[in-house]
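Colleague: Dropping a structure here in structure tokens format, bear with me for questions.
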Amino acid sequence: MENPYLVVPSIPPVLDPGFRPAILARRAFARDASVPVRIALEQADGSVFHAAMAVLPEDHPNARWNAFFVERFAKFLLWSWGGWRIWIQGPPRIAADLQRHYLEDATGRFDSEIIGQRIYDHPITVVATGELPPARSRTTALGRHLEGCRIGFDLGGSDRKVAALRDGEVVFSEEIVWDPYFQKDPAYHHDGIMDSLRRGAAHLPRGDALGGGGAGGYGHNPGQGGAPFRGGSAGEFERGG
Numbered sequence: 020m021e022n023p024y025l026v027v028p029s030i031p032p033v034l035d036p037g038f039r040p041a042i043l044a045r046r047a048f049a050r051d052a053s054v055p056v057r058i059a060l061e062q063a064d065g066s067v068f069h070a071a072m073a074v075l076p077e078d079h080p081n082a083r084w085n086a087f088f089v090e091r092f093a094k095f096l097l098w099s100w101g102g103w104r105i106w107i108q109g110p111p112r113i114a115a116d117l118q119r120h121y122l123e124d125a126t127g128r129f130d131s132e133i134i135g136q137r138i139y140d141h142p143i144t145v146v147a148t149g150e151l152p153p154a155r156s157r158t159t160a161l162g163r164h165l166e167g168c169r170i171g172f173d174l175g176g177s178d179r180k181v182a183a184l185r186d187g188e189v190v191f192s193e194e195i196v197w198d199p200y201f202q203k204d205p206a207y208h209h210d211g212i213m214d215s216l217r218r219g220a221a222h223l224p225r226g227d228a229l230g231g232g233g234a235g236g237y238g239h240n241p242g243q244g245g246a247p248f249r250g251g252s253a254g255e256f257e258r259g260g
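The structure is reproduced here in structure tokens:
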């Protein structure tokens, strides 16, 4: 059955006539939705973020599409906020359908493996509740620090970058080609990163701070979800490789 809320845009794109904008579908669904659903998304450090939407009454002729729209909203929250445990305050079937999606559907299992397991060390878990856990977040001031001797690195898919900074002045910057994606031996990544750090450190009298980043998803620092490390197995991360 075709989703009745997939609205045809007023100007269909010539190259993709079957395209249905998500925003139009959400607006159409929202016009019929009247049952509140509150959602809490929990991260690995205990931070909890709240969101809300509405779904159709169970006796509505299109109620079967509730699961579709809740899953789409949950996916948006997972990829924008990050987290592994989803708390649902609303009709019991909403939580049950969403958990089934992460256990049985191919796209749901993918999200659970990549976002849940690889980034947050837990499969995505859905909990039905009468009351959401309180919203809370742990914030840390980042950035704007230029004083002293600092090294920064960035791990891309085709090159790794390093820069050395002394009291706000860049004294060294370099890009080195590498090919990390499908390297199964973590020594390749370790040696490459250490090489970049040593190159930066050679231009400073001391090291006051070190920071880095990379392509992919990172949850509270572990690198399992980082794109440069995707060739490694879960066992390598567990062993600290």
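The sequence shown runs 20 to 260 under the numbering used here. Virtual Cβ for every residue (Gly too), placed ideally from N, Cα, C.
1) Cutting at 6 Å between CB atoms, please list the residues of its own chain near residue 67, excluding the five before and the five after it.
2) From residue 245 to residue 237, what does the alpha carbon distance come to, in whole angstroms?
3) Can you tell me whether residue 31 is helix, strand or coil according to DSSP?
4) Within 10 angstroms of its Cβ, does residue 260 collect 16 or more other Cβ (buried), or is it exposed?
5) Buried or exposed, going by whether 16 or more other CB atoms sit within 10 Å of the CB of residue 200?
6) Just the C-alpha distance for residue 140 and residue 63, rounded to the nearest angstrom, thanks.
7) DSSP three-state call for residue 213: helix, strand or coil?
8) What is the DSSP secondary structure of residue 39, counted as helix, strand or coil?
9) Report the residue from 203, 174, 36, 92 whose alpha carbon sits nearest the alpha carbon of residue 213.
10) When you compare the segment 111–119 with the segment 142–149, are there three or more beta-carbon pairs, one atom per stretch, that lie closer than 8 Å?
11) According to DSSP, residue 171 sits in a beta bridge with which residue or residues?
12) Are the beta-carbon atoms of residue 57 and residue 101 separated by less than 8 Å?
13) For residue 113, does the three-state DSSP call read helix, strand or coil?
14) Does the ligand ZN have even one heavy atom less than 7 Å from the beta-carbon of residue 38?
15) Among residues of its own chain, excluding the 5 on either side of residue 76, which ones have a beta-carbon nearer than 8 Å to its beta-carbon?
16) Count the other C-beta atoms from every protein chain shown that fall within 10 angstroms of the C-beta of residue 44, then say buried if there are 16 or more, exposed otherwise.
17) Specify whether the segment 207–223 and the segment 181–198 touch according to this definition: at least 3 beta carbon pairs, one from each stretch, less than 8 Å apart.
18) Using a 10 Å radius around the Cβ and a threshold of 16 neighbouring Cβ atoms, would you call residue 247 buried or exposed?
19) On the DSSP letters alone, give me the boundaries of the beta strand (DSSP E) that residue 106 sits inside.
20) Which term fits residue 183, buried or exposed, when burial requires 16 or more other beta carbons within 10 angstroms of its beta carbon?
21) Return the residue from the list 185, 215, 186 that minimises the CA-CA distance to residue 197.
22) Going by DSSP, what residue range makes up the alpha helix (DSSP H) through residue 148?
23) Under a Cβ-count criterion, where at least 16 other Cβ atoms within 10 Å of its own Cβ denotes burial, should residue 35 be classed as buried or exposed?
24) So what does residue 196 bridge to, in DSSP terms?
25) Ignore the nearest five residues each way along the sequence and tell me which others in residue 74's own chain have a CB closer than 6 Å to its CB.
Modeller: Let me spell this out:
1) The residue given as residue 67 occupies position 48 in the sequence shown. 59, 61, 152, 154, 155.
2) The residue labelled residue 245 in the question sits at position 226 within the sequence shown. The residue labelled residue 237 in the question sits at position 218 within the sequence shown. Residue 245 and residue 237: Cα-Cα distance of roughly 6 Å.
3) Within the sequence shown, numbered from 1, the residue matching residue 31 stands at position 12. If DSSP states are grouped into helix, strand and coil, residue 31 belongs with coil.
4) Your numbering for residue 260 matches position 241 in the sequence shown. Note that residue 260 scores 47 on pLDDT, short of 50, meaning its location in the model is unreliable; the coordinates nonetheless yield the value given after this. Result: exposed.
5) Within the sequence shown, the letter at position 181 stands for residue 200. The residue is exposed, with fewer than 16 neighbouring Cβ atoms inside 10 Å.
6) Here residue 140 refers to the residue found at position 121 when the sequence shown is read from its first residue. Here residue 63 refers to the residue found at position 44 when the sequence shown is read from its first residue. One C-alpha to the other measures close to 8 Å.
7) Here residue 213 refers to the residue found at position 194 when the sequence shown is read from its first residue. Helix at residue 213.
8) Indexing the sequence shown from 1 puts residue 39 at position 20. Note: residue 39 maps to coil in three-state DSSP.
9) Stepping through the sequence shown from its first residue, residue 213 is reached at position 194. Residue 174 is the option with its Cα nearest to residue 213.
10) yes
11) By one-based count along the sequence shown, residue 171 stands at place 152. 182, 230.
12) Here residue 57 is taken as the residue at index 38 of the sequence shown, counted from 1. Here residue 101 is taken as the residue at index 82 of the sequence shown, counted from 1. Cβ atoms of residue 57 and residue 101: not closer than 8 Å.
13) Walking along the sequence shown from the start, residue 113 turns up at place 94. Three-state DSSP puts residue 113 in a helix.
14) Among the components modelled here there is no ligand, and therefore nothing to report on the ligand ZN.
15) Here residue 76 corresponds to residue number 57 of the sequence shown, with the count starting at 1. So the qualifying residues of the chain are 53, 54, 82.
16) Walking along the sequence shown from the start, residue 44 turns up at place 25. With 16 or more Cβ atoms within 10 Å of its Cβ, residue 44 is classed as buried.
17) yes
18) What you label residue 247 is simply residue 228 of the sequence shown in a count that begins at 1. Burial call: buried.
19) The residue given as residue 106 occupies position 87 in the sequence shown. Counting along the chain, the beta strand (DSSP E) containing residue 106 begins and ends at 104–108.
20) Within the sequence shown, numbered from 1, the residue matching residue 183 stands at position 164. Buried, since its Cβ has 16 or more Cβ neighbours within 10 Å.
21) As a working note, residue 197 is residue 178 in the sequence shown. It is 215.
22) Position 129 of the sequence shown holds residue 148. Element bounds for residue 148: n/a, residue is neither H nor E.
23) By 1-based counting over the sequence shown, the position of residue 35 is 16. Burial call: exposed.
24) Here the question's residue 196 lines up with position 177 in the sequence shown. According to DSSP, residue 196 bridges with 178.
25) Here residue 74 refers to the residue found at position 55 of the sequence shown. Within the same chain, residue 74 has close Cβ partners 52, 54, 56, 85.
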